[in-house]
Every structure is written in C-alpha cells, then in structure tokens.
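Since the structure comes first, as structure tokens, the remarks are kept for the end.
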Amino acid sequence: MELGIPLLIAGIMVGVHSILQITGIVSVHSPYGCRVLAGFDNPAGVASAMVVSFPFMLALADRIKYDRIRRVTVIMASCVVMAILFIARSRTGILAVGTVMLMYVIHIKKKTVARGVIATILIFLVVVAVACISFGKNGSNSGRALILEVCWNMFKDAPLLGHGLHGFRSQYMIYQADYLDHCGSSVLPMLADNITHPLNEYVLLAVNYGLLGLSFWAIGIIITIRHYIKNPDSDSYVGIMALAGISVLSMFSYPFRYPLTVLGLLIAMFLIYKNVICDAYQNIGRKLKKVIRLIVAVISLGGVIIIIKWTTLQICWSNLSDESVNTEDMLNGYAELYPKLNEDPYFLYNYAYVLSEAGDYERAYQMATESFINMSNYDTALSLADNAKECGKQECAEEYYRLASRMCPVRFMPLYELFYLYKDEGRTDEMKITGESILSKPVKVNSFEILRMKMDVRRIMMELNYDF
C-alpha cells in the first residue's frame, strides 16, 4: 500500500487544484469553456488522476480505527471526487469511480441485504449522473459512433497484426475521408474533425496490433484475475480496484496518455503479484539479489536520464516559441533539434511553419511531408498543400487541399485555398464549382473568418458574372 502514496498525493493535488478552479480562485484557460482542467489540457486528465488515485484514498481510509470517522472519510472522499468529475462533465470518470465504489462496498459489506441496497443506490446515482451529462452531448455520442465505424474498417484491413506502432495516428484520418465519401449521411460530415485517438484504448490496441495484441492483453487479464482469486488479500484488492477503474476509463477515454495512469497500472500489478515477487526474491541467493538490485538501479538511472533528456528537449523547443527569439535564432534552434526530434510529427509541423514564415518553402515542404507521413490529419495535409503551392507543385497542392477537405468536410479553408488555386491557374470551371460549394456549405460554428471567406468568394464570382 505504501507504493500508492505518490498516486494518493498526486490525486489530492489534482483534486485541490480542481476545487480551486471550481470556486474561481484559480482561473481555467480553456477554449472549450471547461470549468475543471487542473493542470491538464483536457478534463480527461482530471478523470484519469481521480480514478487512479481513488482506490488508494479508500485504502487509506480503511486504516482509520474508528468506524464513524472511517465512514465519514470514505463518504466525503467519494462525494468530492464525484462532484469534481460531474462538474468536469466526465461521464467516463463517473462510471469508473462508480465501479470502484461498487467493488469497495461489495468488499467491506458482509451482510447481503445491506450490500444489495447500497449497491443499488450507487448504480442509480451513477446512471442519473451520466444521463444528466449525456443530455447535452448527442453530438459527442454520434462522433464516437463515427470513430468506431472508421476503426472497424481499419481493423478489417489488418486484422491479425494491425497497422503497427502509431498506425492509428498515421492512417486514421485517411480512412475517415474515404468513409465520409461513401457514408451517404449529411450529419456525420458535420461531426467529423481531427482525431488523434479513438477514445478507447482497446480499439487503439486492435487497430495498431490486431488480434495478436488483443490476445496478449486478454491472456494477461485472465492470468491476473485467476491469480487474485487464488491469493486474495487487502493489498491485492486495492490493486484489483485500481485495475477495474483504469479498465472502465479505457473503454471511453485515453488514460494512458497521462504518465500517472501508467504508474497506477504498474503499482496495481505489483500489489496483485506482490506475494509471488516477494517469495521469489526471498528464495534467491545473496549474490543474485545484488545483481537484481544493480539491474534495477541501472534501469532506473537510465529511465531518469531518458526523462531528463526528453524534458530538456521539450523545454528547448518551447523556448523557441518565445516572441523575443528572432527568426534566425529560431531557425538555428529548430535545425539543432531536428536530428533529435525528427520523428515527432508536432515538432515537424511547427518546423514547417517556421520555415514557411521565413520563406524557405522547399525545406518547409520537406518538413510538412515528413509530418504528414508520421501523422496524417487535417492540419498536416493543409500545411503540406500550402507549402506545395508555394513551391509551384500545383498538382500536389490540389491533391492535399482536397484530402484535407474530405478529412474534415465542415472546414472551409481547404476549399477556399482551392478556389484561389484554380483562380490563379485560370481554371474557371473548377473555380466556379468550388465557389458554389463554399457558398452553399452549411456552417457548424459561425465565425468572422468563415464570413470573410464567403464574402470574398461571392465578390469574386460576382465580378466574373457567374450565376450562383
């Protein structure tokens, strides 16, 4: 249980930060109007921290000797965590924490009647909370259905081994474009947007590694559950609760984007297999124990070095965006970082933008191409098209403007750029068709930028006496 103290501290810190945001003491910098983000860029980070740390909160409360104080502590912790998740509008977090609470009740209540009553109340409250949040999220539900349909098409194309590491990231948006071309729906194109994760860790596993990856995962789960059933104790039950919460969260979110979830998983597995690990360690010789300690120390040191190196690179990259850095220094900084971050699609995308702003379109086109290969999405396709146009590669620009528009049909910019590309090349028929598409395209969210593009296209077509 002592291993869970870092998770407990992290969960409390995130909870306190969230409460400060709820009360308005600390502001929330979110373009989506979220009231609770803690230190994350998305409520999913708050949900992940709450779910991973909650079992350890319950385990700590169980150590309180006085029954009344213990009950009050458990109830208060549960209410605070649930309130944070409700205000954060995290349906997945509420489901996951509700699952942990249900397992806790089943574990501590010995009387069947009391256990059934409390379990029924818990299930009812969780269902009501999720239903209340879901009331205004119909678009979210339809969007998830779209993602699952596209992922199914990806899985069918590589069912055994999947598309490989980063397969989803590098190919999903291309599959989405193909799906939207043939879906025959007027609603789905309005919901489609840039996707970097299928909002389901199991689907991600299936897409990237196919049936082989799913099989290894299923075998690991079965072995772990069987081991717990044969060797139950209080610590291993905390591990099982943590695994259950993470498992539920993984069905509808992306908890493994956050390092705290990975740490929680490792600690949970250790608690479940603690007896095997400790017995094996006790039965080996003294010399072998020294070797194991040395190996663990070397691995830990190596991990720390890698983390420090990665953090240093990220800080250097972040410093390059400072407004006080002049263009030449920025270009030199990116050039120095390129050999170390040349597989990071976000770095390559930013590098392409910096080169484009400096007028080096050939190199910008090269970086945009590398970024697109590593992460094929709307932004990288648009960047590649823009730089291809500046380099005089008009066919390539046209191809990727069209692809960007197919990936996210609700966006106006690709068609607007195509309109001007056709205008500059004197392709009047294509320009007219594209202009009519822009003027007739429904707007999902009104903005000044969209209004400006529509007015500009209308003006040009009126000047050319086109009927529309």
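Numbering (the working numbering), first residue to last: -16 to 451.
Every residue gets a Cβ at the ideal spot worked out from N, C-alpha and C, and that includes glycine.
Source: prediction; values computed, not measured.
Own chain, CB closer than 7 angstroms to residue i, minus 5 neighbours either side, in chain order
| i | result |
| --- | --- |
| A160 | L386, R389, M390 |
| Y162 | E132, V133, N136 |
| I229 | V34, V35, P238, T244, G247, L248 |
| Y220 | H90 |
| Y241 | G28, S31 |
| M350 | L331, Y334, A335, L338 |
| T75 | A30, L232, F235, S236 |
| A(-7) | A32, S36, L243 |
| V426 | I433 |
| Y256 | H210 |
| G81 | L105, V109 |
| N534 | Within the shown structure, residues of the chain are numbered from -16 to 451, placing residue 534 beyond reach of any answer. |
Length of the line joining the Cα atoms of residue i and residue j
| i | j | result |
| --- | --- | --- |
| L171 | E419 | 21 angstroms |
| Y211 | V29 | 29 angstroms |
| G22 | L331 | 26 angstroms |
| E413 | A79 | 52 angstroms |
| I2 | G268 | 51 angstroms |
| A44 | K92 | 15 angstroms |
| I(-12) | A60 | 16 angstroms |
| N357 | V440 | 34 angstroms |
| F199 | I205 | 10 angstroms |
| I58 | M65 | 10 angstroms |
| G375 | M156 | 26 angstroms |
| F105 | N183 | For the sequence presented, residue 105 should be read as Leu rather than Phe. Computed Cα separation, rounded: 25 angstroms. |
| I208 | S217 | 15 angstroms |
| Y158 | V279 | 43 angstroms |
| S153 | I290 | 25 angstroms |
| A263 | K273 | 14 angstroms |
| L143 | L187 | 14 angstroms |
| R127 | A175 | 10 angstroms |
| V428 | C379 | 30 angstroms |
| L20 | P26 | 5 angstroms |
| D305 | N325 | 21 angstroms |
Cβ shell of residue i (< 6 angstroms), same chain only, five flanking positions each side left out
| i | result |
| --- | --- |
| Y455 | For the chain, the structure presents residues -16 to 451; residue 455 sits outside this window and is missing. |
| A189 | F138, L197 |
| N214 | N258 |
| I101 | V88 |
| A225 | P38, G247, A251 |
| Y321 | none |
Boundaries (first-last residue) of the alpha helix (DSSP H) holding residue i
| i | result |
| --- | --- |
| N315 | 310 to 324 |
| S339 | 328 to 340 |
| V440 | 431 to 446 |
| A79 | 74 to 91 |
| L171 | 171 to 174 |
DSSP three-state assignment for residue i, whether helix, strand or coil
| i | result |
| --- | --- |
| T179 | coil |
| G145 | coil |
| C166 | coil |
| Y449 | coil |
| A71 | coil |
| L303 | coil |
| K139 | helix |
| P425 | coil |
| T161 | In the sequence as presented, Thr is not what sits at residue 161; that position holds Asp. The answer is helix: DSSP assigns D161 an H, G or I state. |
Closer than 7 angstroms: residue i CB and nearest the ligand NAD heavy atom
| i | result |
| --- | --- |
| T363 | As presented, the structure is devoid of all ligands, the ligand NAD included, so that no description of it is given. |
Contacts around residue i, its chain only, beta-carbon distance under 8 angstroms, and the 5 residues preceding and following it disregarded
| i | result |
| --- | --- |
| N191 | G145, H146, G147, L148, H149, G150, F151 |
| V63 | G(-2), I2 |
Exercise for the section: Ignoring anything shorter than 4 residues or poking outside the region -5 to 63, list the alpha helix (DSSP H) runs there in chain order. Expected result: Along the length of the region -5 to 63, whole alpha helix (DSSP H) runs at least 4 residues long occupy 26 to 45, reported in chain order.
Exercise for the section: Within the region 345 to 415, note down every full alpha helix (DSSP H) run reaching 4 residues or more, in order along the chain. Expected result: 361 to 373, 377 to 390, 396 to 408
Exercise for the section: Just list the alpha helix (DSSP H) runs in the region 212 to 293, keeping only unbroken ones of 4 residues or longer that don't cross its boundaries, in chain order. Expected result: 217 to 235, 242 to 255, 257 to 266
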